[in-house]
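Residue 578 is where the sequence shown starts when you use the working numbering, and the numbers rise one by one after that. Since the structure comes first, as structure tokens, the remarks are kept for the end.
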Amino acid sequence: GRAEIQGMLARMAQEGWVERKPGYGWRFLPVLTSPAMRRQSDAFRLVIEPAALLCPTYAADRPAFERVREQQATLLDGDIWKLSPARLFQAGSEFHELVVGCSGNPFFLDSLKRINRLRRLIEYRAMFDRVRLIKQCEEHIKLLDLLLEGRQEEAADFLRVHLRAASDRKSRFFESSLSDRRIEATF
Numbered sequence: 578g579r580a581e582i583q584g585m586l587a588r589m590a591q592e593g594w595v596e597r598k599p600g601y602g603w604r605f606l607p608v609l610t611s612p613a614m615r616r617q618s619d620a621f622r623l624v625i626e627p628a629a630l631l632c633p634t635y636a637a638d639r640p641a642f643e644r645v646r647e648q649q650a651t652l653l654d655g656d657i658w659k660l661s662p663a664r665l666f667q668a669g670s671e672f673h674e675l676v677v678g679c680s681g682n683p684f685f686l687d688s689l690k691r692i693n694r695l696r697r698l699i700e701y702r703a704m705f706d707r708v709r710l711i712k713q714c715e716e717h718i719k720l721l722d723l724l725l726e727g728r729q730e731e732a733a734d735f736l737r738v739h740l741r742a743a744s745d746r747k748s749r750f751f752e753s754s755l756s757d758r759r760i761e762a763t764f
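Rendered as structure tokens:
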């Protein structure tokens, strides 16, 4: 019904996926409309995430890191094949948000959370390529180990490589399954 659709559009606007047009109607924001925009979000993450690890105020949250390390190990033990794309995306987002959140600078975390909200809709498609998630989980565990050992500079370099490789893998996936056309939707 109309009320349900209005509620859904309000939620999509809150997530940053659509915006109300002047007068009547809605339009999708450019963030979701092409593989080029997805690559730009990856480029943004490539700048902010490693930088967060190098903040002088960075303090690893050992109990939280150990919990998320266990979660990554559980994914490797078979949950990658069982969980929904939404849950897999959430696990990856929570991992990166935890790592960045330890920077002590809330602007890094706020920026990453916004990018993750915008990525959520398009990234679910990539979750069907579960084989690549195995390597990502292994890399997540290595990154946590580096941070727990206090090797922040090495961790930042490793994170840069991790993000670049993940972006390259997703680009190949998306470019083989999506066109680079803009979505023009009005409703």
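Idealized CB from N, CA, C, for every residue including glycine. Keep in mind the model is a prediction, meaning the values are calculated, not measured.
key: When S744, C714 and K690 are compared against G593, the one with the closest alpha-carbon   = K690
ask   = Which residues in the same chain as V645 place their Cβ atom closer than 6 Å to its Cβ, once the five residues preceding and following it in sequence are excluded?
value = F672 and L675
ask   = For L784, which option in D706, S688, A637 and E581 has the closest C-alpha, if you only look at C-alpha atoms?
value = Examination of residue 784 is not possible in this model, given that the chain is present from 578 through 764 alone.
Of the listed residues R616, R707, D722 and A580, nearest to R664 (C-alpha basis) = R707
inquiry  = Tell me the DSSP secondary structure of A762 in three-state form.
reply    = Residue placement at A762 is flagged as unreliable, the pLDDT there being 35, under the threshold of 50; the coordinate-derived value follows with that caveat. Of the three classes helix, strand and coil, the one that applies to A762 here is coil, per DSSP.
message = For L736, which residues in the same chain have their Cβ closer than 7 Å to its Cβ, ignoring the five residues on either side in sequence?
response = E626, P627, L630 and L720
query = Quick one: what does DSSP say R597 is sitting in, helix, strand or coil?
reply = strand
request  = Under 7 Å Cβ to Cβ from R696, same chain only, skipping five residues before and after it: list those, please.
outcome  = S618
ask   = Taking Cβ positions, are Q713 and A743 nearer each other than 8 Å?
value = yes
query = Using the rule of at least 16 other Cβ atoms within 10 Å of the residue's Cβ for burial, across every protein chain shown, is Y635 buried or exposed?
reply = buried
Close Cβ partners of L686 (< 6 Å) along its chain, the five nearest in sequence each way excluded = V677 and G678
request  = In angstroms with no decimal places, state the Cα-to-Cα distance between P633 and L724.
outcome  = 13 Å
query = Cα-Cα, which of F684, T651 and L606 is closest to L710?
reply = T651
ask   = Taking just the CA atoms, how far does L740 sit from S688?
value = 16 Å
request  = Return the residue from the list A590, M614, D745 and R728 that minimises the CA-CA distance to W603.
outcome  = A590
key: Cα-Cα separation, E581 to D654   = 39 Å
key: For E715 and G727, the rounded distance between their alpha carbons   = 19 Å
query = Mapping DSSP to helix, strand and coil, what is R694?
reply = helix
message = Just verifying my parser: in three-state terms, what is the DSSP assignment at R728?
response = coil
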